[in-house]
Structures are given as structure tokens and as C-alpha cells.
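Structure, as C-alpha cells:
2 protein chains.
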Amino acid sequence: MRSRETILRQAVELSSVEGLDGLSLGRLATATGVSKSGLFAHWRDKEQLQLDAVEWAVRQWTEQVVGPALRAPAGVRRLFALHEARLAFYGDGVLPGGCFFFAVQAEFDDRPGAVRDRLSRSMREWQGLIRRLVAEAVTLGELADGVDPAQLAYEIDALGEMVIVHSRLHDGAQALVHARRAVLARLRALCPDPALLPED
Amino acid sequence: MRSRETILRQAVELSSVEGLDGLSLGRLATATGVSKSGLFAHWRDKEQLQLDAVEWAVRQWTEQVVGPALRAPAGVRRLFALHEARLAFYGDGVLPGGCFFFAVQAEFDDRPGAVRDRLSRSMREWQGLIRRLVAEAVTLGELADGVDPAQLAYEIDALGEMVIVHSRLHDGAQALVHARRAVLARLRALCPDPALLPED
DNA sequence: TAGACGACCGACCGATCGGTCGTATAGTTT
DNA sequence: AAACTATACGACCGATCGGTCGGTCGTCTA
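These protein sequence lines are chains A and B, in that order. If you want the working numbering, it's the position in the first sequence, counting the first as 1, plus 2. If you want the working numbering, it's the position in the second sequence, counting the first as 1, plus 2.
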């Protein structure tokens, strides 16, 4: 039996090009060396496979972005570590993780269903994580009082997310630099202790 | 003959849901009251229709976002006016303009072709416009010297663009407030003359 | 060793896709 | 009134889609 893992990875890779709904089960089958009906032995229908593919992608994100960041010291350093881990994930580029999420959420945000619900849940968790780290940094006194967690979380998320758009159309490396500098400058301006963050 | 304008508007509207490539010519035909073969009397093939649909959407953007902003006084006020016009365009929501661009660029950025080229050209022009307005504001002395136009343009564009993502998953109105406040605070920090920008 | 079972296959189904073609019709010209 | 032209139509094409079905083969168990 071809490993489920292999098939899901391949599904995510194909979906980052042709979309999760535009993903052809026939092409996925030949790409993984399985017959099309072989796929239906593992998944009831296309939607179940889509859900599992999203689940797999979310796990990659959690393991490679959230996990490493949580190992950084709590406070503003952990917040910036999360931002940097995300940029590193995008910068790798080999894994279609970044563009997968970007493409798929744009594809499904207008269409109700289990896939959209799963995606929006994961996005809400991501937003909540950033907000929580901001609030934590404020509590620790590492960010100025009066910082609105929701406002700052929006800014950090936006500055990181747009790397995806820019990296395709312009110079991807430059977008990463811009995204890093923007958040770094923003945090340094709000952080009483300059030693907690890198110079540049 | 049904007006080309009507058909293109309908095409953009449908594409914002099912994607520009996933757009079904059959559904577009019935939605506009034209037969499917009637569409082929106006456009050679699907790609030409897609290109015209993108062109139509770009024109909407130019007329409703770029145009009004350019009527504001030059300098940092024009820069902020551009940001506000964009947010207003997204906030309207009736026109699927915002999500159309977002969905379509995510759909085509991996697939070479005339549509992708047209989209990336228009995005490059958009980026260039912001950069030019930043540089202009610096020249007029309305922004601090040493401001990197490319860096600031990235930030303004990112903070505005993410409204699209957030408005679907969370509270859209709140995202608009966050985006407006973020850019306003950033510009006020760089602007020697506080009177040029609104309080909040 | 008999048999139950899960993985997998090739062939096939109805539906829908983009696109073509012959024809009917309305309006204009002669 | 007859002839011509532009426009749009319904019917149809091959290809591809998601999904089903009958059946094969290897493995594990009683």
C-alpha cells in the first residue's frame, strides 16, 4: 500500500498549482503510482481527501513554524521568533506550504463546507496565537502598555502574509527582507528593552 | 446583443466565487441570458474572455481607487488617500473587485500564460504607484529623509491587502479599522507635520 | 489449508467541460 | 419584394471530471 503520507504530500503539492478543488484525482493517482480507484479505497470521496490534505498541511505548519517559535524565550522574543519562523517557512519554498494555504483559502472563502470551516478554524487559531503572544509580552513588560493585541496581531500577520504574494511577482528575497524589517522596527519601537531584539 | 460590459461584470462576479479558470461558460451564458455559443461570437476562446474580464476589473480598480486618490493634494495626504480609497473599495463589498483580484492572483501565480502576465503587470504598476507616491512625499519634505520607498510601500500594501483575508474569516469592519490605524500610525511617525494627517 | 479480508486494478458510468457547426431570424440593402 | 449580412441559437463533439463496480492478488487467521 502506497503510504497515505506520500499521497497527501503529493495532493498538497498539486493543489498549490491547480487548486484544491481543481485537483484532479486522475492526475493525483498517476503521480503517486496508484490507480484512481485505489484512492477511493482510502478516502470515501474527494472532500475527505481534501480535508485530510488540509490537515496534513496544517500539521506541517504547526511542526515547522509554531513548534520552533514556542521554544524561544517567552515575551517579545517569542513573538519575533514566530514571525521569523514563518518567513523561513515561506523562504524554503521547496515545500508548497505557503502558497498552498494562500491559494486554498482564496479558493474556498466564498464556498461553505467542511473544507472552508477547517481552514477558517486553523486561521483563527493562528490569529489567536499571535494575539496571545502579544498579550503575554505586554504582561511581561516587554511591550509598552496600551498596545492593542488585536491591532498589533493584525499588523504582524499582514506583514508576514504578503510575502507570499510578492515572492511570485517580484523579488521574493527582497519581500522577506521587507517583512522582517517592518515587524522588527515595529516591535523595537514598542519594546522598552532594546537588547531583547536583534539590531537588524 | 447583450452588452459586453454586462457579460464581463457577470464574469468577474462569478469568478470571484468559482475562480477565473473554474468559471463555467455555460453558467456565465445562462446568467447573462445568452447562449453559450453566443459568447464565442464575442470572444475567440475562454482565455480571451478571461483577459477581458481581468481588464475590466483593473479598470474598475483604476477608476474607483487610483483616480480619486490622485485628486488629493500631493504628498503624504495623497499617499494616505490612496490607502483609504482602497479600503473603501474593499469595504463596499458589493462589487467583487477585491476578492476577485485576491482569488485570481492566487489561482494563476503558478501557471504561466497571458492572464498571469496581465495580472502581474497590473500588480507591479500598483506597487510602483505606491512607491512613487512615497518618494514624492519624501521629496516634498512631508516624510522623513531616509525612508526607503520600497520598504514603506511593502508595508502599506501588505496592511491594506490583508483586509481581504480577514474580512471573510473574522469581523470585516474590524479589519478595516486595523488596516487604517496601522498605516495612519506609521505615516504619522514618519511625517514631520502632524497637521497633514487626520487624528485617528 | 480453507477462507475471510483489505489493497488495488481496469473498465466503465453519467455529468459537465470548452468549443464547433449548421441553421433560423432580424435588419439592411438593392 | 428579393438578396444579403450579422447575430445568435440549439444540437452536438471529444475530452475529462468524480465516482462505481466486478474482480484479482497477497496476507493473516482459524
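C-beta atoms are modelled at their ideal positions from N, C-alpha and C, and glycine is treated no differently.
A:L89 vs A:A181 beta-carbon contact at 8 Å: A contact, by the Cβ cut-off of 8 Å.
Residues near A:V78 in its chain [Cβ-Cβ closer than 7 Å; skip 5 each side]: Beyond the five residues adjoining it in sequence on each side, A:V78 comes within less than 7 Å, by CB distance, of A139, E144, L145, L189, C193, L198, L199 in the same chain, given in chain order.
Own chain residues within Cβ distance below 6 Å of B:E20, not counting five before or after: If you ignore the 5 residues before and after B:E20, its C-beta comes within less than 6 Å of no other C-beta in its own chain.
N-terminal and C-terminal residue of the alpha helix (DSSP H) that A:W128 is part of: Its alpha helix (DSSP H) spans residues 116 to 141.
Where A:G162 falls, given that 16 or more other Cβ within 10 Å makes a residue buried: It is buried - the Cβ of A:G162 has at least 16 other Cβ atoms within 10 Å.
Same chain only: Cβ atoms within 7 Å of A:T34, ignoring 5 sequence neighbours per side: Residues of the same chain with a CB within less than 7 Å of the CB of A:T34, apart from the 5 flanking positions on each side, are R4, T8, I9, Q12 in chain order.
Contact set between B:V19 and chain A, taken where Cβ atoms lie within less than 9 Å: Within chain A, the residues near B:V19 are D112, R113.
Per-residue contacts from A:C101 into chain B (C-beta, under 9 Å): Taking the beta carbon of A:C101 as reference, the chain B residues within 9 Å of it are A108, D111, D112, listed in sequence order.
Buried/exposed call for B:R118, threshold 16 Cβ in 10 Å: Answer is buried; the Cβ neighbour count reaches 16.
is_contact[B:L186, chain A] using C-beta, thresh 8 Å: B:L186 does not count as touching chain A.
B:P75 (DSSP reduced to helix, strand or coil): Residue state for B:P75 is assigned as coil, using DSSP reduced to three classes.
Run of the alpha helix (DSSP H) containing B:A146, from where it starts to where it stops: B:A146 -> no alpha helix (DSSP H), and no H or E assigned at all.
B:F110 beta carbon less than 8 Å from that of B:L186: B:L186 is not a Cβ neighbour of B:F110, given a cutoff of 8 Å.
Cβ neighbours of A:G28 in the same chain (closer than 8 Å, five flanking residues each side left out): Closer than 8 Å at the Cβ level, and outside the excluded window around A:G28, lie K38.
Secondary structure of A:C101, DSSP reduced to three states: It is helical.
Buried versus exposed, by CB contacts within 10 Å (16 or more), A:E157: By the C-beta density criterion, A:E157 is buried, having at least 16 other C-beta atoms within 10 angstroms.
Chain-ordered neighbours of A:D159 on chain B, where CB pairs are closer than 9 Å: Simply M164, V167, H168.
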